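Sequential numbering from 1 applies to the sequence shown in UniProt numbering.
Built from N, CA and C at the ideal position, the CB exists for glycine as well.
Keep in mind the model is a prediction, meaning the values are calculated, not measured.
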Amino acid sequence: MTRFPLNVIGGKIGKDRLNDSRETSDTYLLQNPETLHPSRTFGATMSSFDCPQLTREEILDILTTAGIAATDSDLKKPTAGFVHRLYSDLLAVLGVPDAEDPGQVEFDDLEQLEYPPDRLDRDEKWFQLMSVYNMIREVLGRIRCPLQFTVYDLVKPENRRTEFFIGSIANFYLHKDSKMEMVKGIIEDTTCLVERLNELETEKSKLDAEIAECNAAREIESPVVQELEAKWEELHQTIASLNSQQNSLRATLSNLKEKAGEIDMEISKSEFDMIQSREENANLHSMIVQSPDKLQKAIEEKRSTREEARNAERLAMQAFQDKTLVLEVYSKTSKKLSKHYSQMQAIHEQMNSAKSIEKELKALKAKLSDDGVTDKSLAATMMERRGKVQAKSVSNPFSAQQLAELRKQLEKERKMKFEDADKELHSKKLEVESRKRDLEERQMKVEAVLGEADAINSKINLSYETGAAKVQALDQKCTELVEQFERYQSSLGDVLKGYGRKPAY
């Protein structure tokens, strides 16, 4: 516990010492009279602070503006109580902290030491007086007051010195108020930055929630995607095998076309042979009576021709059956290809949706990282500006030039940030447009591939239809040949029967 000397606690300070200090200050004022009349800046914004000699009316106006009650008579004949109260109110208006010194006297402990009550009250009042004295002296020292403030100005004040000290402190109050008005714009900008920071934090929390949802959905859909990838691989292999089968079927179709051409040639040849057989039949009718031996030979030749026709019929039926089997294989293959093609389209759409989701997730992560960097830079700038404002508002007063430079710097930084944001937005727009063009080109390519696939399917269907038409035509020709052969056989049998019933000459 700190203990003061008895002469200080008891209020015993040499009167000669107080008079000496006052005489010294008065001598200084007499030797330097220009300190009492500096340039007046009452009611105006000052570039640098000074201590002018204010009139009593100006002092009362400033005190009324600050909300401190004082009258003209109080300033003409100041008392110790009035001066103590007035200085305390001025310290409160200036915002000087009134915290107790941790090393001050603890009066409860003094009561436990059986101090006399009147002595304890007197010591407490004197300690409060010394506390106000120290704070007023510190304030006057900070504002560079030319007169020296003494304890005698609190105990037995004079109107001239009291008016000078109060005018200096009141003028400093106006100076501080004007500087705070100048800093008000910066404070408002700081509050706007704080609000913007809060908005960015809320957006960041929303984006974090969306990212968490996207990650959860991705984890949920990952087995489905893996399953679809496995199916896609299987379908890719199936498509490769079907392509090889299609190539083999095309080769088989070309072979069948060649065989069909050969069969057409054989049919035309058989038609020619049938015409010749008809001519020979007519010749046989004319030669029956004349030469039986020749007739027998002709009959044997016709039998051999009939056997050849039967063999040709068997071959034609076998070829017809083979073509029907090939047609069935073509139809089944076409159905499978169409089914696999629809599955491929569905898988392709799912892959495109998954890729778009991944792109959106990457864009959100990039935007989140950029917002985090911006938040950190804004927070650092805000804390730095707030610290500068608080430190300078408490310690030394601002100058107009420093405030103007600070405001210009802040406006320049804000302009640079806006330009950077505009550039980034323009680049993002260009990137989105380029991606959009790429997607349109890909869509055109996919549509072209789909058109080629449709053309191939139409060609396959056309080949199926032409093959079926040719098979049907061959079937009709085979039936016609069989009918003609049966008619020829029946007519030949009738001729032979009639020849057997005729009498021998």
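Distance CB(residue i)-CB(residue j) smaller than 8 Å
i      : j      : result
Leu75  : Asn171 : no
Tyr133 : Leu154 : yes
Ser168 : Cys145 : yes
Leu481 : Lys302 : no
Leu86  : Ala70  : yes
Leu228 : Leu378 : no
Leu235 : Gln343 : yes
Leu193 : Met382 : yes
Ala251 : Lys470 : no
Phe127 : Leu140 : no
Glu403 : Met180 : According to the sequence shown, residue 403 is Leu rather than Glu. Their beta carbons are not under 8 Å apart, which means Leu403 does not touch Met180 by this criterion.
Ala453 : Tyr341 : yes
Integer Cβ distance of residue i from residue j, believed to fall under 8 Å
i      : j      : result
Val326 : Leu256 : 6 Å
Ile263 : Leu450 : The pair is not a contact, with the Cβ atoms about 38 Å apart (cut-off 8 Å).
Lys362 : Gly467 : Lys362 to Gly467, Cβ: 53 Å. No contact.
Ala80  : Lys156 : 7 Å
Cys478 : Met317 : 7 Å
Thr305 : Ser277 : 6 Å
Asp89  : Ile62  : About 12 Å; that fails the 8 Å criterion.
Leu249 : Thr333 : 7 Å
Leu54  : Asp72  : No, Leu54 and Asp72 are not in contact; Cβ-Cβ is about 14 Å, not under 8 Å.
Run of the alpha helix (DSSP H) containing residue i, from where it starts to where it stops
i      : result
Ala80  : Ala80 to Leu94
Leu147 : Segment: none, Leu147 is in no alpha helix (DSSP H) and carries neither H nor E.
Ala66  : Arg56 to Ala66
Lys76  : Asp72 to Lys76
Closer than 8 Å to chain B by CB, residue i
i      : result
Ser353 : The structure shown contains no chain B; it is built from a single protein chain.
For the 8 Å Cβ check, are there 3 or more pairs between the stretch 149-163 and the stretch 181-190? no
So does the stretch 449-463 actually touch the stretch 321-339, counting three or more Cβ pairs closer than 8 Å? yes
Quick check: the stretch 257-277 against the stretch 308-316, are at least 3 beta-carbon pairs closer than 8 Å? yes
Give the list of continuous alpha helix (DSSP H) stretches no shorter than 4 residues that lie fully inside the stretch 272-353. none
Could you name each continuous alpha helix (DSSP H) segment of 4 residues or more that falls completely within the stretch 217-244, going from the start of the chain to the end? none
Please list the segments of the alpha helix (DSSP H) lying wholly inside the stretch 399-445, counting only runs of 4 or more residues, in order along the chain. none
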